[in-house]
Structure formats: C-alpha cells, structure tokens
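Comments concern the structure below.
Protein chains: 2
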Amino acid sequence: MSLDINKISVKNSLSSCFGTGLDSISGGDEFLSLLANHADEVNITADNYLLNEGELAEYVYIPISGSVMLERTASNGSRQVYAFLFTGNILGLSTSSIASYNFSAKALSDLSAIRISRQLLEDFFRRSFEISKKYHTRTEIVLSAMLDHLFVMGQRTAHQRLAHFLLDMENRLFCHKGQYNLPMSRQDIADYLGMTVSTACRGFTALKRKGWISIASNSLITIHDKDALEHYITD
Amino acid sequence: MSLDINKISVKNSLSSCFGTGLDSISGGDEFLSLLANHADEVNITADNYLLNEGELAEYVYIPISGSVMLERTASNGSRQVYAFLFTGNILGLSTSSIASYNFSAKALSDLSAIRISRQLLEDFFRRSFEISKKYHTRTEIVLSAMLDHLFVMGQRTAHQRLAHFLLDMENRLFCHKGQYNLPMSRQDIADYLGMTVSTACRGFTALKRKGWISIASNSLITIHDKDALEHYITD
DNA sequence: CGGCAAGATTGATAAATGTCAATTTATGTT
DNA sequence: AACATAAATTGACATTTATCAATCTTGCCG
C-alpha cells in the first residue's frame, strides 16, 4: 500500500508527551519510504478504540489525522489518561514485542493512522542498526517525558498541573497567536492530571481570573501570559 | 577487569520499578561474560551521588551490593524520587546515548556497582541484534513499570499509595516470612509517593492500627495481611 | 552505659481537593 | 431560532492532605 509521507506532520516534536515527531525516528527518507511501502492505513470514528489493553501487541500506529488518548481503567472505574497523541506521534512504543498492550488507545476525533506490524519493524531493525538506534532513542525520549510528567504529578498542586498542561498543549497543538483548540474533554484532562472535573474547572477559572488565559468556547484556549504561567508552575 | 558474575543477584525481577533483573537482559551467559570483561567496578559511600542530572550520560550501572535512589530536585527544592534500585537492577536505561542523565542517582548505603560504557554497549548492540533486542525489551519493561506507578500516583490516595509501595518492596527486597528491611528514609518514601513525611507517617500508623503491618525498628517492616493490603489499594 | 542529634511520630490547624447537587453554557438537531 | 441533550461550571460541604511545632524514638558515639 502506498502512502503520501508528506501527509505526516512533523510538528509536535517537543516535550512531555508519549509520541514525538516521526521525523526523529527516521533513518533519513530511506526508512520512511520503507515503512510507507509496508504500512496499512486504518480509519476509526471518534470515541472508538484503536486498541485495547491486554490485546496482543501486533502493531505500531502513527496518526495521520485526528488525535488519540492513551488510558488505563481500573476495576473500580478509576481511569488514568497516560498521554494525548497527535499526528506524527508514535503509538505502541512502550510495549515489548512479545507482550500485550498495557494501555488502551481511544480516538478523540475521527482518526486515520498508518499501522506497521511490529514483526516487520523488527526485521528492519535486524537489517539496520542505525534504524534500530533511532527508534530506541525515541523510546528513551518517551521515558524521559514520562519522568517529567511524573515529577509534575508528584510535586505540583492541581492548578499548577493544569497550567503545565496548557503550556504543553500550546507547544504541541497547532497554535496561532497563543490560541489553540483542545481536542479533549474536561474529564479527559482531569483524568490525565489526576484530579476531578470540578477541580479542573476551578483551575481554568482561577487561571482566567488571573488574566493568564481566556476561554472562548470550552475548547478554544488563548494563552495571554506565558511567562506568568511558566513562573507559576515552578512555584 | 574481571568480575564474578555470581555476585550479581537476580532477585528483584518484578513489578513497578525502574531496573529489573540483570538476567532478563542477558543474551545467555555470553552477554554477561562479555560485559564482565569490559566493566569497571565503582564504589561510593552512603549518601553520595553516583551520577548527577545534566551530566553527560557515559555509563550504565548495575549495583552489586547496596541500593540506589533515582531523583530529581527542582529549583524550589521540591524533589521527586523516581525509583529505588537494588542489586542486579540496571541504572541508566532511560537516557539516550547522545544526551545527559535526566535524574541523579544517590547511594542509600555504601555501594558497589559495575559500570559499562554506553559506547561499548552500543558496539555490542551493533554486533548482535539479539542482545540489542533483550536490552530494549528491558527498557520497554521499565516504561511499562512507569505506567503502573503513574496510575497509582494519579488515581490513589496517599495511604493507598503507601500500601502499594510496601507490597512492591516486599516483592523486591530480601524478605523472610513477610518481614524485610527498608533501606530508605521516611522522607525518601514520601518524595517517591508525592506526599509529605507527616502524611507518610500517618499512613504507616493507619496500616498498623488495621493490623495489616507492624514496624519493629523504623526500617523493619512485617506484612501481616497481604490480601487486605492488596484489596485496599484497588479500592 | 549515657547523652546527643537526627529522624520519626503526633497534634492542632489551615489549605487543597473531593463529593454531590444545582445551575449555566455549549452543541447538535429539527 | 427553539429545543433537547450533554458538557462545563459553580456552590455548599466533607474529606484528605499540608503545615508547623512539639514530642518521642532511634541510632550513634564517646
């Protein structure tokens, strides 16, 4: 199956997130072309699951359009959202090739993604050490991002965590003059940051009152004072 | 330099921790022997740092005796402890070969560790895909453990997190009839679990009052009712 | 063995966050 | 545009956790 590589955005290469730019794992165009010739394209509609925790981890995915949320739900119903992934991010990194997925992936919007068999990926790695190295460096970057998130979760207040999240999204989403659209609900944000929806809402309100952000239509966020936010999250 | 491989414990292979058993990354004895012939041994005394955040990441370490704590301290003094590592655990996994350490490693006790150059490790990987695969599977297991910890941090109360920690330590430390010695201070535990020392202490007291644990001498813990603890942490 | 210093525990209180219900606002449909 | 529905926000109150100081315990060292 053929695929137009140019469709894959290389934005979102930054910071505390699971996936980062596809560009960063390529061993030059050679790798991308290789993948493109062996990748399927999958499409699912909003609110459906691309994969489920516990399923045999057969594929790695890269969203072409739309966004995805990685999550785990416990038996008592509590849910932790692990990450939000956007176009060009890689999904499936954290799963060993012999094991099953340790999270579920839910589409936040209608989604197109390319899908590469882990077996095939492994064959590429076997043939090219350089490609293997790029890919594994990428995994290590994800681990590093997890450390950042863990720090914030353990050492910051609910409102600070929210401010941190908004700055992170400003880096990763398409943003014009400090304005961007959040693709996830308040509940998703709350479950990502380990707080209730009420607390998340009060956080938004608090940041608005300080004049650091404004909210036009629930999902449309404008950052007015990035410096203040950055200072706020470090205490 | 020569090294007695038998000194390296293969316990601690379980659960939510950074490093896990060295056995799991070996490509059979061949790999261990290879490393042993190229490894240095380093020794440092309790409370000193094996490596510091920001330093060029030149080595991977494996403690032979003693234990280590990985941590990050922010400019305002708040500290997140990322992991406790014991003998046989691998230290340095989460750092890309071209970057610097993204945490510091502090000895909890007098420590001996073997030290392998990342450059050398990479040479091994280049030569043997199988060794590379084992190593990177190990990294993915660490990432998976981080997800477990993140879930607990985001979705559980302070006392539940403490109970979870005590069960984890029971798996990983030398334990006889439910009794084991914690090598870290209350402050370290609190910083690992994202709470204050006071809250950690109250947690210990609460678990004692329920009759699920007892504490002989601050560091000597006995688990009396593992089932109750396991039920407690899932709500 | 006694005394000291550091670490651990507890108490009183304040602050942060959760709970649950009411209300408001946004979104999608005719 | 009006409605219906779901999502977001807020208020009142309960619970959890932090803060800070006092007290107790442990481990260490002479």
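Sequence order for the protein chains is A and B. Letter by letter, the first sequence follows residues 1 to 235 of my numbering. Letter by letter, the second sequence follows residues 236 to 470 of my numbering. Ideal Cβ positions, reconstructed from N, Cα and C, are used throughout, including at glycine.
Exposure of residue i, with buried meaning 16 or more beta-carbon neighbours within 10 Å
i	result
D264(B)	At D264(B) the pLDDT is 45, less than 50, meaning the model places this residue with poor confidence; the figure from the coordinates comes in the next sentence. So D264(B) ends up on the exposed side.
F321(B)	buried
T431(B)	exposed
K133(A)	buried
L91(A)	buried
S452(B)	exposed
R127(A)	exposed
N102(A)	buried
N324(B)	buried
A281(B)	exposed
H136(A)	buried
H164(A)	buried
S75(A)	exposed
I468(B)	buried
S104(A)	buried
D423(B)	buried
D168(A)	buried
Same chain, Cβ closer than 7 Å to residue i, neighbours up to 5 away in sequence not counted
i	result
Q80(A)	E71, R72 and D191
W212(A)	H224, D225, A228 and L229
K443(B)	S449 and I450
I279(B)	L285, A342 and L346
S67(A)	F84, L85, F86, L108, S109 and P183
S433(B)	none
N177(A)	First, the residue type needs correcting, since residue 177(A) is Lys and not Asn in the sequence shown. So no residue of the chain qualifies.
E293(B)	S352 and R353
Neighbourhood of residue i by C-beta, 8 Å cutoff - its chain only, sequence neighbours within 5 removed
i	result
A206(A)	H159
L401(B)	L442, I448, I456, I458 and L464
N241(B)	Any reading at N241(B) is ruled out, since the residue's pLDDT is 36, under 50, leaving its predicted position unreliable.
D123(A)	none
Beta-carbon spacing of residue i, residue j below 8 Å
i	j	result
S185(A)	Q390(B)	no
V60(A)	L121(A)	yes
P183(A)	L108(A)	yes
I297(B)	I349(B)	yes
G194(A)	M381(B)	no
Y317(B)	L150(A)	yes
F125(A)	F319(B)	no
G438(B)	L378(B)	no
T374(B)	T139(A)	yes
A435(B)	I351(B)	no
6 Å CB neighbourhood of residue i in its chain, flanking five on each side removed
i	result
K106(A)	Y49 and M69
L291(B)	S335
L455(B)	N416
G289(B)	S335
Q414(B)	T457
N287(B)	S339
N37(A)	none
C410(B)	none
Those residues which DSSP pairs with residue i across a bridge
i	result
E71(A)	V81(A) and S104(A)
E41(A)	I114(A)
L56(A)	S100(A)
L286(B)	A340(B)
I297(B)	I349(B)
* **4 or more residues per run - each alpha helix (DSSP H) lying fully within the segment 323-390 of chain B** => Segments of the alpha helix (DSSP H) lying fully in the segment 323-390 of chain B: 353-362 and 364-390.
* Counting only runs that start and end within the segment 147-233 of chain A, where is the alpha helix (DSSP H) found for 4 or more residues in a row? -> Those alpha helix (DSSP H) runs which fall completely within the segment 147-233 of chain A and span 4+ residues are 158-172, 186-193, 197-209 and 226-233.
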